[in-house]
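Quick note, in the working numbering, the sequence shown goes up one by one and the last residue is 664.
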Amino acid sequence: MKKIIAFAAALCITASAAFTAQPFGIISPESVSFTVSAANEKISDNGVIYTMFDGYAAVTGREANTVNVVIKPEINGVPVTTVFSTAFNSDKSIEPDSVTVITDRSFYQCTALKSVKLPETLTAIGGKVFTGCTALEEISIPDSVSSFGREIFSGCTNLKSVNIPQSLTEISRLAFRNCISIENIDIPDSITKIGEGAFRCCYNITSIELPDSLEYIGEYAFIYCEALSEINFPDSLKSIGQNAFCNCEMLKEVNLPEGIECLESGVFQATGIESIVLPSSLTEIGNFLFINCKSLKNAVINSDINEISESMFDNCSALESVTLPDSVQIINDSAFSGCTSLTDINFSDRILSIGTDAFSDCKIPSIHIGADTEYIAPLAFSDCTGTVITIDENNKYYSAEDSVIFNKDKTSLISAAAYPSASYTVPQSVTEISEYAFNNSDISEITFNEGLLKIGKGAFSHSAITELNLPSTLIEINDSAFLGCNFTKIVLPENLKKIGDEAFENCTALEEVILPESLSEIGDYAFTECKNLKEITIPANVKKIGYDSLGYNYYFNGPWETVKNSDFTLSGYSGGIAEKYASDNNIPFNSLGEVSYKGDINNDKTIDASDALDILSLIVSGNTADSEIADVNGDGQVTSEDALMILNYIVGNIYL
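If you want it as structure tokens, here you go:
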């Protein structure tokens with residue numbers, strides 16, 4: 009037999025206040041302080057247990073065998089004003105009468121509660137009132153209710169149907185989160201806002217009819233509604249919040265209304281959308297809007313937006329065609345990264361900037377960069393082998409030849425990502441290969457001309473190059489320049505001064521390295537994870553060997569850590585940096601004799617300002633003959649120029 013609780017009428021006061029006429033409420037013990045002791049008289053009347061307080065009574069429970077429960081408006085001459093939220097935790101059905109307000113957490117985690125019929129007198133329902141009522145299957149909310157609090161039905165996993173009254177204007181935050189049994193829901197015309205996460209993780213909702221009154225859909229509102237396949241967006245809609253429909257995998261068709269102004273970050277991330285038209289009314293588009301929409305084939309942007317946002321179409325692997333407005337001037341990082349089917353995109357001459365990975369791994373047949381483009385990121389066209397890239401001859405900043413991008417005067421090679429052949433000759437004019445210029449390139453054979461001075465960060469990282477013949481003019485190899493390459497032997501050129509951090513890291517096939525006498529600095533992890541490199545000789549002029557740069561491999565121990573290569577030997581000069589590195593790292597050391605550093609006048613193994621003063625003293629005293637160490641610039645004389653070179657070395661302006 010269905011248990012019925014009929015609330016006849018009552019008034020609500022807090023425990024500390026004198027009794028005044030207020031709407032009856034159901035409250036939790038946590039929200040008000042009540043002191044219940046043995047002195048508080050308990051009265052059972054028709055199966056309902058009342059506890060007597062000073063001037064009022066509270067319902068604190070019921071007898072186990074009670075079927076029909078009636079709560080009296082007063083007992084023993086005092087008003088019944090309060091119902092503890094734990095009073096009915098085991099009830100399966102509740103039909104209160106005459107209640108006007110239900111306060112926070114009133115039926116919180118009443119796991120036996122199956123149905124609730126709320127009275128027409130009810131005007132407000134607090135937050136988390138039915139949270140965790142996992143057996144609740146149905147509830148009728150009367151039109152008299154004008155507000156309800158956050159998470160009101162959150163975690164009601166068996167709730168199959170709920171009517172939202174016309175009196176509400178907003179669906180509160182997390183209101184129906186994880187209500188996994190709801191399949192369809194009708195939202196009345198009075199609703200103007202759907203709050204944050206309102207239907208989050210409602211896995212079985214298949215369709216939603218949004219009202220013509222709706223203006224705002226909050227962030228995460230329908231995230232992980234995996235079965236959602238049908239939704240209408242009314243003309244009244246102005247804004248959709250961050251990740252609102254993220255991972256709605258069955259959502260294939262979306263028609264955005266003219267009038268919508270804002271789509272925040274990730275709104276349609278990882279959905280099943282197949283085509284999209286962005287209306288002209290849009291003024292704000294967030295990052296990651298369609299990232300991982302792997303069924304999206306066509307996109308038309310009618311809005312006069314200035315930018316294509318970061319990762320807007322990232323990894324939309326089925327995307328074939330995109331129509332951009334002429335207003336676009338900036339294409340941000342990863343905007344079309346991983347769009348492997350993209351063959352048709354209209355490129356405006358007004359483009360000013362193209363970000364990192366903007367078109368990485370795209371197979372666009374051709375791209376023409378206009379005269380106005382001021383910035384092209386190093387990895388903008390990464391893995392675009394075969395794309396024909398041309399640049400307007402009137403561009404003041406860039407030029408192109410055979411789809412290789414240079415600065416205007418071709419002294420800096422910026423990107424060879426689209427170069428179509430396996431062999432390439434760096435032009436004579438190039439003095440610098442910019443960062444990531446050949447990153448992950450399929451080019452296996454590269455010829456360098458004399459005149460090259462610098463190789464930038466990551467310039468050849470993970471490229472297919474297998475043999476390295478660097479020009480004698482090269483001075484600097486920067487961080488990660490050849491990381492992950494497949495060399496077996498490297499002979500580095502005379503005049504090279506610096507090897508940067510991780511420059512040859514993870515070159516696992518590398519067996520032999522010959523370093524030049526000119527070398528001054530070896531960066532951190534420069535040769536780490538070169539597993540087959542068993543020995544290396546450090547020239548006398550090297551003044552710095554970075555952390556774990558020689559004789560170490562990586563292993564995974566939660567985070568990646570380094571472990572010493574047990575059969576590695578270091579050769580170098582006693583008293584110098586090579587011996588110190590070997591000693592500090594407990595690596596076998598093979599001495600080639602005593603070290604003497606050019607510029608280390610006082611032989612303290614450090615080049616500092618005192619050495620510059622010693623050179624000046626030598627000049628003043630006239631004792632400069634046979635002082636090879638003091639001839640820093642190697643011109644056969646000891647002059648103030650040599651002292652000045654030491655000072656420039658100390659502040660990092662030059663290498664010695």
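Don't be surprised by glycine CBs; every beta carbon is placed ideally from N, CA and C.
Terminal residues of the alpha helix (DSSP H) in which ASP341 lies:
Bounds of any alpha helix (DSSP H) do not take in ASP341, whose DSSP letter is neither H nor E.
Can you list, in chain order, the stretches of the beta strand (DSSP E) that have 3 or more residues and sit fully within the stretch 247–299?
If we require 3 residues or more, the beta strand (DSSP E) runs fully inside the stretch 247–299 come out as 283–286.
Taking the continuous beta strand (DSSP E) assigned at LEU421, which residues delimit it?
420–423 is the extent of the beta strand (DSSP E) around LEU421.
Could you tell me whether the stretch 454–462 touches the stretch 434–442, where touching means 3 or more Cβ pairs closer than 8 Å?
Three or more Cβ pairs closer than 8 Å define a contact, and the stretch 454–462 meets that threshold against the stretch 434–442.
Helix, strand or coil for TYR211, going by three-state DSSP, please let me know.
When secondary structure is reduced to three states using DSSP, TYR211 falls in the coil class, being assigned neither helix nor strand.
Hey, how far is the Cα of SER625 from the Cα of GLN645?
Using only the alpha carbons, I get a separation of about 14 Å.
What is the C-beta distance between LEU176 and ILE199, in whole angstroms, given that I count them as a contact (C-beta under 8 Å)?
Yes, they are in contact, since the Cβ atoms of LEU176 and ILE199 sit about 6 Å apart, within 8 Å.
How big is the Cα-Cα spacing for TYR58 and GLY69?
Distance between TYR58 and GLY69, taken at the CA atoms: about 7 Å.
Coil, strand or helix - MET320 by DSSP
MET320: coil per DSSP, three-state reduction.
Closer than 7 Å by C-beta to GLU217: which residues in its own chain qualify, once you throw out the five before and the five after it? Chain order, please.
Only ASP194, ILE195 and ASN240 meet the Cβ criterion.
Could you spell out the range, first to last residue, of the alpha helix (DSSP H) harbouring VAL588?
At residue 588 the sequence reads Lys, which differs from the Val that was named. Per DSSP, LYS588 belongs to the alpha helix (DSSP H) from 585–592.
Neighbour-count burial assignment, ILE179, 16 or more Cβ in a 10 Å radius
That one is buried.
Where does SER666 fall in DSSP's three states?
The question about residue 666 has no answer here: the residues shown for the chain are numbered 9 through 664.
When you compare only the Cα positions, how much space is there between LYS418 and ALA408?
Looking at the two C-alpha atoms, the distance is approximately 9 Å.
Spatial distance of SER356 from PHE495 (CA atoms)
When only Cα atoms are considered, SER356 and PHE495 end up about 42 Å apart.
Using DSSP bridges, identify the partner residues of LEU578.
Beta-bridge pairing links LEU578 to ILE544 and PHE597.
Sort out for me which residues DSSP pairs ASN192 with in a bridge.
Bridge partners of ASN192: SER215.
C-beta atoms of GLU529 and LYS552 nearer than 9 Å
Against a cut-off of 9 Å, the Cβ pair of LYS552 and GLU529 comes out as a contact.
Taking only three categories from DSSP, how would you classify GLU649?
Under the three-state reduction of DSSP output, GLU649 falls in the helix class.
What is the rounded straight-line gap between the Cα of GLU146 and the Cα of GLU261?
Cα to Cα, GLU146 sits roughly 31 Å from GLU261.
Does the Cβ of LYS416 have 16 or more other Cβ atoms within 10 Å, making it buried, or fewer, making it exposed?
Result: exposed.
Applying the 10 Å Cβ sphere with the 16-neighbour rule, what's the burial state of TYR533?
That one is buried.
For LYS539, which residues of its own chain have a beta-carbon under 6 Å away from its beta-carbon, when the five flanking residues on both sides are left out?
Once the five neighbours on either side are set aside, the close Cβ partners of LYS539 are THR516 and ASN561.
Closest residue to ILE627 among ASP616, ASP639 and SER582 (Cα-Cα distance)
Ranked by Cα distance from ILE627, the first of ASP616, ASP639 and SER582 is ASP639.
Look at the Cβ atom of ALA424, then the Cβ atom of GLY464, and state whether they are nearer than 9 Å.
Their beta carbons are not under 9 Å apart, which means ALA424 does not touch GLY464 by this criterion.
Once the 5 residues before and after GLY274 are set aside, which same chain residues still bring their CB inside 8 Å of it?
Excluding residues within five positions, the ones whose Cβ falls inside 8 Å are GLN250, ASN251, CYS254, GLY294, ASN295, PHE296, LEU297 and ILE299.
Coil, strand or helix - ASP53 by DSSP
In the structure shown, ASP53 sits in a strand (DSSP, three-state: E or B).
In angstroms with no decimal places, state the Cα-to-Cα distance between CYS270 and LEU332.
Between CYS270 and LEU332, the C-alpha separation is close to 18 Å.
Using the C-alpha atoms, what's the distance from GLU49 back to ASN84?
Distance between the alpha carbons of ASN84 and GLU49: 11 Å.
Work out the CA separation of LEU144 and PRO265 for me, nearest whole Å.
About 37 Å.
Please tell me whether GLY584 and VAL603 are closer than 9 Å, where the distance is taken between their beta carbons.
Cβ distance < 9 Å, so GLY584 and VAL603 count as in contact.
If you draw a straight line from the C-alpha of GLN337 to the C-alpha of ILE313, how long is it?
Distance between GLN337 and ILE313, taken at the CA atoms: about 9 Å.
Can you tell me which of the three DSSP states ASP400 falls into?
ASP400: coil per DSSP, three-state reduction.
Residues in the same chain with beta-carbon distance under 8 Å from ILE595, minus the five sequence neighbours each way, listed in chain order, please.
Only LEU558, GLY559, LYS572, PHE576, THR577, LEU578 and TYR589 meet the Cβ criterion.
With DSSP as the reference, label ASP639 as helix, strand or coil.
Here ASP639 carries a coil assignment [DSSP, helix/strand/coil].
Do SER237 and LEU222 have their C-beta atoms closer together than 9 Å?
The answer is no: Cβ separation not under 9 Å.
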